[in-house]
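Chains as they are written, first to last, in our numbering: chain Y, 3 to 478; chain L, 3 to 207.
Quick reminder that beta carbons are idealized off the backbone N, C-alpha and C, glycines included.
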Amino acid sequence: MRKFYLLLLFACLLLPGAGKLLAQPMTLYFLKGIPQTQDLNPARPGLEKGFYFSLPLLSKLDFSMNTNNWSYNDLIHKGTGVTADSLVWDFKKYLSALDKNNFVMEAAALTLMEFGWKKKSTYFGFSWSEREFAEPFFTKSLANIVYYGNVPYLGSTYQSGYFGIGAQHYREFAFTYSRDLDARLSFGVTGKLLFGMGTVTTSGMNVVAGMPIDGNQINLGATGKAYVSAPINLHVNNINGIHFLSQSYFDANSYFSNFGNPGFSADLGFTNKINKRLTLSVSLIDLGFIRWKTDLSAYTENGHFVYRGINLNSVPKTNVHDLLTALKDSLTAAFLPDSTASSFTTMLPVKLYAAIEYKIGDDFSLGGVGRIRMYNNLLHVALTASANARLSDAISLSASYSMVESTYDNLGLAASVRFGNVQFYAVTDNIVSFFQPSTARNMNLRIGFNLFFPQEGQPKGVYNGKETRSHHRHSH
Amino acid sequence: MRKVQFFFPLVVSILALISCNLSDFQMNKLATPTGLSPFIYRPILTASYAVKNYAVVKELGNTLFKEDSLSFSLIPAYPLDGLALNTTGNDSVTVIIKTLNESPMKYRYTLSISGTVLNSSNKQKYLSAATINTQGDVIENSKDSLEYHLSATDIVNLGQANQFNLSITLYQPDKGPVLANVLKDSSLSFLIGMRARINLFKIRG
C-alpha cells in the first residue's frame, strides 16, 4: 500500500510541466464509494445501500476554469533583465497562444443541501445548489485588430468573427431517481427545477469593416444582440461612438430572492454490465433551459456607417469642429443600440458522457470517459483514462490521465477518506496545476463532505453489496 | 495505515503550497502595461477644388492659358477650435495626403496648421500634371501620395491650432501652355488620412 502512495506521489511530482487542469472533474466518474458520481451519470449513484446526506451549507464545492489553450502566464509573467523582479504584460506572447476561436470558461457551484438513499434496487436523491458560469469568447481576428490595428487590413475586408459572453447564475433543485432494472441494466434520471438569478448573454456579435487600399473610407458594420436579466439599472454610455454598459445599483435582496425566472433541465443516464468485468455507461447532463422574465434589458446593434472623415466642400467656410461634431453624431446614430425588454431563453451547457469500465478485481478497475460539451455553438471534447482503487474501507483513490482541447498533459487525482460515518473527498483532473497555477490552462477542484447511515443490519463498510475485506477478516 | 492516510494528503498540500509559484500573482509587482499600440489608419478629410471656383482664369474657350502659374486664391482659411484631431494616445502621427490632379498643369501645395507646415515642394519637385492627348484634353488623371511625419511637438501644435490654410499653385506642364477651357473644367482633390500607433493605455474615456 505504501508503494502505491509513493507511486502516485512520484508520478505527480515527476511532471512539473503538466500544469494544466481539466475543465470538469472527469476523474470523479469512477471514484469508488461516493454518491456524487451521480452528478456525471444519474444511473451511477455510488451508493449501494443506506442513507447519506452531505454537510449542510457546504455539501460540496465545485470550481473549474479552463481556456481553449492559453494560460495566465502567456499574458503576464516574470520579466527578464532590468524587469526581472517585476511581472510584465506580454501581449505578443498571448496573441501567439491564441487559436482561431478562443474562450475562457469559469464555473463554480456550491451545494447547500444534498441527501439520498438507496433501498434494494431503487435510489432517490435530492440536492440544492447555487451554480454560476461565465464564458467570454472571442476570435483571434478580434485580438489581432486590437494588437495590430486596422492598417494591415487596408485593401481588404476585416471580419471580427463572433464574440461575446454567456454568463448565468441560477438556483438548482435536483431530484434524482435511479433503478437497477436487473443485474446488468441500470438507468437514472435527474429532474432539475431551475431559477435564474442573473444572466448576461450575447448573440451574433461581430464587426465587419471594409477598407479600400486608397484609404478613402472605412465601411463599418456591427451587429449583435445582448440580453441581460438582473436587478440592476443599465445605461448605455456613448464614448466617441463606442457604447459601454454601466450599472448604477445592485439590490442583493431582490437578486437572491428572485424566483421569477423558471427553468428546467434533466440528466439522463444508463449503465450496462456487459459481463462480469466490463461495464458501459452513457449520460446526458444539463439538457435544459431557463426562461428569463424579470429585470430584463436587451440591446440590439445593427449599425452601418461609411466613415470618410469630414468633407470640407460640404459646407463652405464652416468651422471644422462643427463638421467633426456632425460626423460624430452621425456615427453615434448609426451604432446606437435599440433597447427592448422582452423575455428570452438561455440554454445550459449540455454535456454528453460515454464511459467504459473494466474491473480487474472487486476493488480495482480501469476506466475511460469521453465528454462532449456544447455551448456557444462550440464543441469541447475531453477524454480521460483512469485507474480506480478502493484501498480500504476508508480510502478510495482514482488516478487519471486526460486529453482536453489541445492539452495532453493532464494528470488527475481523486481521493475519498472516511472517518467513521464521515467522508471527505476531493477531486481534480490535474493535480499538478496546483503547483503551477500560472501556466494552467484547465483547472478544477471539487471537495465535499458526506455523512453515511448504513441500513440496520448492514455491516459498516459494505461495498458493492459485498462484505469488505476488513469485515471479512474480522468475521473470520 | 492510519499514519499513511494522513501523511499523503499532508505532503501533497505542503508541496503544493511551497511550489505553486504564487509570486506569479503578486499584482503589486505588475509593471505598467506597455506594448499594446495598434497601428490605426483613418481618413480625416476630403476636399475637392474646381479650378473655376477657386482660381481666376481670364482666358476663354479654346485659347491657351499662358501664365507660368495659377494660384487657387479663393480657398478659404478653415477655422479650427483646437479639437479638429483627437490625438490622445499618439506619440507621433504620420499624415498621408493623397492628391488626384485632373488638371493638365503640374502643381504644388502647402498645408499649414499652427506652425506645422506640410509642403509638397519639400522634395524640390512639382507634382505631375494629368496626361493630355494631342487635342489638349485630359485622358488620365495623375495621382500622388506624400507622407509627413509629425512629432510629439507637432501634435501639440495641432491641438492648439485655431485654423489651417491650404494653398495650391498650378504650373505649366513641360509640354507647354494648356487650353483654358480644359483647365477651368478640371479640379484637384485631396484625401488626407492619419496613420498612428495608438497607445491604448493612454486613452481615457
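*Proximal residues to LEU77(Y) (C-beta, below 8 Å), its chain only, five neighbours per side dropped*: Taken in chain order, the residues that qualify are TRP91, ASP92, PHE93, LYS95 and TYR96.
*Best match in VAL53(L), GLN28(L) and ARG199(L) for proximity to LEU152(L) [C-alpha to C-alpha]*: ARG199(L)
*Would you check whether the ligand ZN has a heavy atom nearer than 7 Å to the C-beta of TYR125(Y)?*
This structure does not include the ligand ZN; it has no bound ligands of any sort.
_Which residues does DSSP list as the beta-bridge partners of SER25(L)?_
DSSP, once it has assigned bridges, lists no residue as partnering SER25(L).
*Should LEU156(Y) be flagged as near chain L, meaning a C-beta pair shorter than 8 Å?*
yes
_8 Å Cβ cutoff, LYS54(L) in contact with chain Y_ = It does not; no Cβ of chain Y falls within 8 Å.
*Close beta carbons around ASN452(Y), own chain, < 7 Å, minus the five adjacent residues each side*: ILE36, PRO37, TYR54, SER56 and GLN425
*Can you list the residues of chain L that LYS80(Y) reaches, using a CB-CB cut of under 8 Å?*
SER25 and ASP26
*Closer than 7 Å, Cβ to any Cβ of chain Y: which residues of the segment 140-174 of chain L, in chain order?*
none
*Use the C-beta contact count for PRO27(Y): other C-beta atoms within 10 angstroms, 16 or more gives buried, fewer gives exposed.*
buried
_Threshold first: 4 residues or longer. Then list the alpha helix (DSSP H) segments lying entirely within the segment 63-102 of chain Y, N to C._
74-77 and 93-99
*asked:* What does the alpha-carbon distance come out to for the pair SER143(Y) and THR159(Y)?
replied: 12 Å
*Among PHE454(Y), ARG448(Y) and ASP182(Y), which has the Cα closest to the Cα of LEU63(Y)?*
Comparing Cα positions, the closest option is ARG448(Y).
*Alpha carbon of LYS108(L) to alpha carbon of THR171(L), nearest angstrom*: 8 Å
*Round the Cβ separation of ASN263(Y) and PHE197(Y) to the nearest angstrom and send it over; I've been treating them as touching at under 8 Å.*
6 Å
*Just checking, does the segment 119-127 of chain Y make contact with the segment 149-157 of chain Y on the three C-beta pairs under 8 Å criterion?*
Output reads no: the segment 149-157 of chain Y does not touch the segment 119-127 of chain Y.
*Between which two residues does the beta strand (DSSP E) carrying LYS127(L) extend?*
Unbroken run through LYS127(L): none, as it is neither H nor E.
*asked:* Strictly under 8 Å for the Cβ-Cβ distance: is LEU24(Y) near chain L by that measure?
replied: The pLDDT assigned to LEU24(Y) is 31, lower than 50, so where the model puts this residue is not dependable, and the model offers no usable value.
*asked:* Between which two residues does the alpha helix (DSSP H) holding GLN162(L) run?
replied: Per DSSP, GLN162(L) is one residue of the alpha helix (DSSP H) stretching across 154-162.
*Answer yes or no: does any C-beta atom of chain Y fall closer than 8 Å to that of TYR80(L)?*
Yes, its Cβ sits closer than 8 Å to a Cβ of chain Y.
_For ASN221(Y), the residue or residues it bridges with in DSSP_ = Under DSSP, the beta-bridge partners assigned to ASN221(Y) are GLY212(Y) and VAL308(Y).
*Is it right to say MET376(Y) is buried, meaning 16 or more other beta carbons lie within 10 angstroms of its own, or is it exposed?*
Its Cβ having fewer than 16 others within 10 Å, MET376(Y) is exposed.
*asked:* Pop quiz: ASP269(Y) and PRO351(Y) are said to be a contact at Cβ under 8 Å. What is the actual Cβ separation, rounded to whole angstroms?
replied: Actually they do not touch by this definition, with Cβ atoms about 13 Å apart.
*Closest Cβ-Cβ distance between PRO179(L) and chain Y: below 8 Å?*
In terms of beta-carbon proximity, PRO179(L) stays away from the interface with chain Y, with every pair separated by 8 Å or more.
_With the cut-off set at 8 Å, would you say PHE195(L) and ILE77(L) are in Cβ contact?_
Residue identity check: residue 195(L) is Gly in the sequence provided, not Phe. No, these two residues do not count as a Cβ contact at 8 Å.
*asked:* Comparing C-alpha positions only, which one of PRO233(Y), SER131(Y), PHE105(Y) and ASN315(Y) sits nearest to PHE165(Y)?
replied: PHE105(Y)
_ALA232(Y): first and last residue of the uninterrupted beta strand (DSSP E) it sits in_ = Run containing ALA232(Y): none; DSSP gives neither H nor E here.
_Backbone secondary structure at SER188(L) - three-state DSSP_ = The answer is coil: DSSP assigns SER188(L) none of H, G, I, E or B.
*Which residues share a DSSP beta bridge with ARG448(Y)?*
ASP64(Y) and VAL429(Y)
*Given GLN219(Y), which residues of its chain have a CB within under 7 Å of its CB, disregarding the five upstream and five downstream residues?*
Contacts found: VAL308, TYR309 and ARG310.
*Less than 8 Å separating the beta-carbons of THR96(L) and ASP146(L)?*
no
*Report, in whole angstroms, the separation of the C-beta atoms of LEU298(Y) and ALA254(Y), which I expect to be a contact under 8 Å.*
The pair is not a contact, with the Cβ atoms about 19 Å apart (cut-off 8 Å).
*Please look up how many angstroms separate the CB atoms of GLY271(Y) and SER285(Y), rounded, as I've assumed it's under 8 Å.*
4 Å
*Below 8 Å on the Cβ atoms is my guess for LYS361(Y) versus ARG279(Y); work out the distance and round it to an integer in Å.*
Correct: roughly 5 Å between the Cβ atoms.
*Please state if the CB of ILE147(Y) and the CB of PRO40(L) are separated by a distance shorter than 8 Å.*
yes
*Confirm, please, whether the CB-CB distance from THR178(Y) to THR192(Y) is below 8 Å.*
THR192(Y) places its beta carbon less than 8 Å from that of THR178(Y).
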